[in-house]
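**Student:** Residue numbers (the numbering used here): 1348 to 1775.
Where a beta carbon is used, it is the ideal one built from N, C-alpha and C, also for glycine.
Quick one: the structure is below, and I'll ask about it shortly.
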Amino acid sequence: MPESYSRVGGMRDLLPTEASHMTLVEETFKSTLASYGYDEIRLPTMEWTVLFQRGVGEDTDAVGKEMYTFEDSSGESISLRPEGTASCVRAAISNTMLRGDRPRLWYTGNMFRHEQPQKGRYREFMQVGAEVFGYTGPDIDVELIQICEDVWRKLGISDRIDLQINTLGNLESRLAFRNALVDFLVPLKGTLDPDSVRRLDTNPLRILDSKSEETQNLLQNAPRLTDYLDEPSTKYFEELRRILSEAGVSYSVKERMVRGLDYYSHAVFEWHSDDLGAQSQVGGGGRYDGLVERLGGSACPASGFAVGIDRIALVRDAAGKSADHRSCDVYVISLDSSGDTYVNKISRILREQADLRVRKHHGGGRVKNRFRDADRSGALWALVVGEEEMAAQTITLKPLRTDEPQITIATEAMIDFFNDKLKKDLAN
RNA sequence: GUGGGUGUAGCUCAGUGGUAGAGUCCUGGAUUGUGAUUCCAGUUGUCGCGGGUUCAAAUCCCGUCACCCACCCCA
């Protein structure tokens, strides 16, 4: 340990301005998910390592080489969660939530991946996600997409985020395609990039979204997944697109899109933005009908999404919409200590009856410094009580953000005053 | 894991071998019942850390750490 304490590598301190921005994004998701009738679930920050190995897949980067893994005192391997879906599925199974019910759940929390940090990519980052269980049709997939589209609109970033969708078909279709793809690629093994050669064995579908230009050229003549979709899979995707269009959601189909985590089937979708440095993805999801069974539950279709809260905040930053943080709405100053009791009472009333953030001055000091502190707090108003006000049962209100003159009003009229005027100011 | 960049005042940065700097912020005063704005005055510091070269190092050399950006991959 160095002389002075520093952060653990890659961990961040989110200072009040950033923190309140994160909270804004989080709250928007929270209220939107609630408006669709989804229930919150809180999940542990760590799980047995095997859950992620089994649920996410050991050949994914997130699990294979980026997990924070250590042993607990019993010698069992534990990992900090690199994503939320596996935990959510585990929780749904182990709390018997899937017996006779079809839960629609959402969660939020910090995720951990030991990668090299850069813009939009952090070792600890915030995600919000939703998972729905027991629904087979594309209608619920579209609802998941719509929830996020609603959030983009509320946050004012719809025009900066693009939706891309694709289908992976059902298991049979995908296996048939996978075989055809491998047959096509094996003879070309010598010309593929090293990563793709490795994936030929582990996860050939992932070769499709390889970033290697040469590999992409080779793929020009590769078999196409759409040619291998069976009747039900084709219908599923057509239906999905129809409902999406009906809902007025614009999207593009990316035939080569395969999700990084390898439990998906049928619908897969991703949202992208240009505002993230070298990163582009703000979120994604899809259907994962086989995962519940894979993790020990009875077969149960499921679908979900995950969105990076940090990345949404970055998109808002780029749009010039980052929340300007104010600590409080009203800063209360008593000019001499004999007024403290009176001022405490006023502050409490304002907090309880006018739904205001009220910061009271503490620590004495000169009058001019009290007003200086009022200004720095970001408050819209300074509320001043001195001898004159106490004697007359009034308060003086000084606007700190406009040139309007200060006014003195009867204390008993203060709630009405704030509920009318201040609310209007806050709305702007 | 690999590459590039940056570390100097609380913050943003200038300073390529010879006294440690600017802007901003902060503190005080002009203004003892009024902030922000204006004017005046003042404080900023292990120059990331360790070693080396030199009469002399923020500056050159070696090492090291941290952060940023990018590869890879993803939220």
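How many angstroms separate the CA atom of R1437 from the CA atom of S1420?
**Tutor:** Taking the Cα positions, R1437 is about 23 Å away from S1420.
**Student:** Do the CB positions of G1733 and L1682 come within less than 8 Å of each other?
**Tutor:** The criterion of a C-beta distance shorter than 8 Å is satisfied by G1733 and L1682.
**Student:** Where DSSP assigns a beta bridge to S1681, which residues make up the other side?
**Tutor:** V1732
**Student:** When you compare only the Cα positions, how much space is there between M1348 and G1356?
**Tutor:** Since pLDDT at M1348 reaches only 32, below the 50 mark, its modelled position is unreliable, and the value read off the structure follows with that caveat. Going from the Cα of M1348 to the Cα of G1356 covers about 13 Å.
**Student:** Report the option in G1630, R1588, A1646 whose CA atom is closest to the CA atom of G1637.
**Tutor:** A1646
**Student:** Compute the Euclidean distance between the alpha carbons of R1673 and L1371, then round it to the nearest angstrom.
**Tutor:** 13 Å
**Student:** Can you give, in chain order, each stretch of the alpha helix (DSSP H) that sits fully within the segment 1482-1512 and has at least 4 residues?
**Tutor:** 1485-1501
**Student:** For a test of the three-state rule: what should DSSP assign to H1709, helix, strand or coil?
**Tutor:** coil
**Student:** So, helix, strand or coil for M1348, using DSSP?
**Tutor:** Any reading at M1348 must be qualified, since the residue scores a pLDDT of 32, below 50, and its modelled position is unreliable; no value is offered.
**Student:** Do V1403 and L1608 have their beta-carbon atoms positioned less than 8 Å apart in this structure?
**Tutor:** yes
**Student:** For Q1511 versus F1616, is the C-beta spacing smaller than 8 Å?
**Tutor:** yes
**Student:** Short of 8 Å in beta carbon distance, which residues of its chain neighbour K1536, apart from the five on each side in sequence? Order them along the chain.
**Tutor:** V1544, L1547
**Student:** With DSSP as the reference, label A1477 as helix, strand or coil.
**Tutor:** strand
**Student:** In chain order, what residues of the same chain have a beta carbon less than 8 Å from the beta carbon of I1554, not counting five sequence neighbours either side?
**Tutor:** L1528, L1532, L1539, S1543, R1546, L1547, T1562, L1566
**Student:** Do the segment 1442-1460 and the segment 1618-1633 meet, that is, are 3 or more Cβ pairs less than 8 Å apart?
**Tutor:** no
**Student:** Classify D1676: buried if its beta carbon has 16 or more other beta carbons within 10 angstroms, exposed otherwise.
**Tutor:** buried
**Student:** Where does the unbroken alpha helix (DSSP H) through G1411 begin, and where does it stop?
**Tutor:** 1408-1411
**Student:** How many angstroms separate the CA atom of A1738 from the CA atom of A1757?
**Tutor:** 11 Å
**Student:** Which class does M1761 belong to by DSSP, given the choice of helix, strand or coil?
**Tutor:** helix
**Student:** When burial is assigned at 16 or more other CB atoms within 10 Å of the CB, is L1362 buried or exposed?
**Tutor:** exposed
**Student:** Should T1688 go down as buried or exposed, given a rule of 16 or more other Cβ atoms within 10 Å for buried?
**Tutor:** exposed
**Student:** On the DSSP bridge assignment, give the partners of M1393 in chain order.
**Tutor:** L1427
**Student:** Mind checking who Q1463 pairs with in its DSSP beta bridge?
**Tutor:** None, per the DSSP bridge assignment.
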